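First residue of the sequence shown? That's 344 in my numbering, and the numbers climb one at a time after it.
What follows is a set of notes on a single structure, which appears directly below.
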Amino acid sequence: MMTKNSPIGVLDSGVGGLTTVKELQLLLPKENILYFGDNKNVPYGNKSEEEIVSLTRRMIEFLITQNVKVIGVACNTISTIIDQISGDYDVKIIKVIDPVVDNIKNTLRKEKVGLIATNFTVNSGYYDKMLGDIKVYGKGSGELAAIVDSGKIDRAEVKDIVKIHIDSILESEKVDTVILGCTHYPIVKDIFEECYPEINFINPAFQQADAIKNYLEEKDLIKEEKGKIFKVYTSGDEEKYHVIMDMLNLELPEAIIQYND
Ligand code: DGL
């Protein structure tokens with residue numbers, strides 16, 4: 344049975360969802376967190392919808408066996424397809440895209456925004472649909488998520504890729520706000536900011552963590568007891584987790600556990 348002490352589940356194709364874990368650790372410091380990164384299959388952004396659906400089901404079903412009380416889909420690519428399958432599960436699933444869209448519409452009140460994301464996310468048109476009248480200038484990247492996920496981040500190489508993509512957005516339209524629409528990108532947010540100090544780069548992780556907090560409050564599921572557990576399950580190499588967690592200055596997990604089917 345789900346209780347206040349049940350963990351929050353967070354999933355992503357790889358290390359990107361740790362950006363949401365970071366915000367959860369700040370907003371909900373007492374909560375148990377179980378993270379699932381499918382690093383063996385990253386990047387999802389270049390896969391077909393069928394493959395993404397089936398890989399996502401596997402992660403959700405695993406997290407459900409761990410008795411999670413809510414699942415944060417800390418992956419934009421998965422968030423674009425999750426509505427097709429979320430009705431099959433009893434657990435509440437919270438996407439990374441919808442909360443940030445609400446914030447852009449209601450608080451930032453922008454007329455236009457840039458979007459850098461995976462090819463799948465950009466081509467899905469999900470941000471465009473959700474943002475309605477707000478014009479979206481999107482650019483997909485086929486390589487940036489995988490480079491970040493490798494844990495071997497060559498700043499010069501990332502800088503070159505960032506410049507190509509953001510310049511291409513700016514050529515279409517001079518936007519002052521760009522959504523980092525792949526959870527891997529905020530890990531290198533400082534590189535985006537160094538190249539374009541005049542642009543506001545939005546990291547959707549805070550809004551997602553806030554949406555998770557609101558849901559738990561509403562359902563009276565906020566953990567009150569002291570002591571917490573943070574565990575990471577990965578289908579890939581655990582070494583890179585140390586690198587990325589260090590970059591994000593995360594509270595470290597009790598264990599990084601190899602997940603094999
Ligand atoms: N982190 C994921 C996202 O937010 C995608 C990376 C990938 O292509 O797997 O879209």
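Positions of the beta carbon are idealized from the N, C-alpha and C atoms, including for glycine.
Bear in mind the structure is a predicted one, so any value in this text is a computation, not a measurement.
Does the ligand DGL have even one heavy atom less than 8 Å from the beta-carbon of residue i?
i, result
"Thr-577", "no"
"Asp-355", "yes"
"Val-364", "no"
"Asp-471", "no"
"Asn-389", "yes"
"Thr-464", "yes"
"Ile-421", "yes"
"Ile-442", "The amino acid occupying residue 442 in the given sequence is Pro; Ile does not appear at that position. Pro-442: no, Cβ never under 8 Å from the ligand DGL."
"Val-385", "yes"
"Thr-526", "yes"
"Ala-460", "yes"
"Val-518", "no"
"Cys-418", "yes"
"Gly-457", "no"
"Ala-488", "yes"
"Gly-352", "no"
"Gly-430", "no"
"Asp-606", "Given that the chain is displayed from residue 344 to residue 604, the structure contains no residue 606 and the question cannot be resolved."
"Gly-481", "no"
"Val-396", "no"
Within 10 Å of its beta-carbon, does residue i have 16 or more other beta-carbons around it, so buried, or fewer, so exposed?
i, result
"Pro-540", "exposed"
"Gly-494", "buried"
"Gln-601", "exposed"
"His-585", "exposed"
"Leu-451", "exposed"
"Gln-427", "exposed"
"Gly-524", "buried"
"Thr-408", "exposed"
"Thr-464", "buried"
"Asn-375", "buried"
"Met-402", "buried"
"Lys-472", "exposed"
"Lys-569", "exposed"
Looking only at C-alpha atoms, which of the options sits nearest to residue i?
i, options, result
"Leu-367", "Asn-603, Ser-578, Ala-598 and Ile-565", "Ile-565"
"Lys-338", "Leu-591, Asn-603, Gln-551 and Leu-559", "A query on residue 338 cannot be resolved here, the shown segment of the chain reaching from 344 to 604 and no further."
"Asn-543", "Val-521, Ala-554, Asp-553 and Tyr-528", "Val-521"
"Ile-587", "Leu-406, Ile-351 and Leu-361", "Leu-361"
"Ser-422", "Leu-406, Ile-407 and Thr-399", "Thr-399"
"Glu-393", "Thr-408, Ile-424 and Ala-417", "Ile-424"
"Leu-474", "Ile-490, Leu-369, Asp-492 and Pro-442", "Pro-442"
"His-527", "Met-344, Cys-418 and Gln-551", "Cys-418"
"Ala-489", "Ile-509, Asn-462 and Tyr-470", "Asn-462"
"Phe-379", "Val-439, Thr-363 and Val-353", "Val-353"
"Gly-359", "Thr-420, Glu-597 and Ser-511", "Thr-420"
"Glu-594", "Ser-391, Thr-346 and Leu-371", "Leu-371"
"Ile-341", "Ile-530, Lys-569 and Asp-604", "Given that the chain is displayed from residue 344 to residue 604, the structure contains no residue 341 and the question cannot be resolved."
"Ser-349", "Phe-405, Leu-377 and Ile-395", "Leu-377"
Residue range of the alpha helix (DSSP H) that residue i falls in?
i, result
"Asn-543", "It is not in any alpha helix (DSSP H) - Asn-543 instead sits in the beta strand (DSSP E) that spans 543 to 545."
"Ile-551", "Residue 551 is actually Gln in this sequence, not Ile. First-last of the alpha helix (DSSP H) with Gln-551: 548 to 561."
"Val-518", "Note, Val-518: premise wrong, no alpha helix (DSSP H); not H, not E."
"Lys-478", "Note, Lys-478: premise wrong, no alpha helix (DSSP H); beta strand (DSSP E) at 478 to 484."
"Ile-403", "392 to 408"
"Ile-587", "582 to 591"
"Ile-421", "419 to 422"
"Lys-472", "469 to 474"
"Lys-532", "532 to 538"
"Ile-440", "440 to 446"
"Val-491", "487 to 492"
"Ile-428", "426 to 429"
Tell me the residue span of the beta strand (DSSP E) that contains residue i.
i, result
"Val-416", "413 to 416"
"Val-608", "Missing from the structure shown is residue 608; the chain here goes from 344 to 604 and no further."
"Lys-373", "That residue, Lys-373, is in no beta strand (DSSP E); it is neither H nor E in DSSP."
"Val-456", "455 to 461"
"Ile-599", "598 to 601"
"Val-575", "573 to 577"
Check whether the segment 371 to 391 touches the segment 444 to 451, taking contact to mean three or more Cβ pairs, one atom from each stretch, closer than 8 Å.
no
Using 8 Å as the Cβ pair cut-off and three pairs as the minimum, do the segment 432 to 444 and the segment 394 to 412 touch?
yes
Count the CB pairs spanning the segment 471 to 485 and the segment 546 to 556 that are closer than 8 Å, and state whether there are at least three.
no
Between the segment 529 to 537 and the segment 487 to 506, do at least 3 Cβ pairs fall closer than 8 Å?
yes
Does the segment 508 to 517 come into contact with the segment 577 to 584, if we say contact requires no fewer than three beta-carbon pairs (one atom in each stretch) closer than 8 Å?
no
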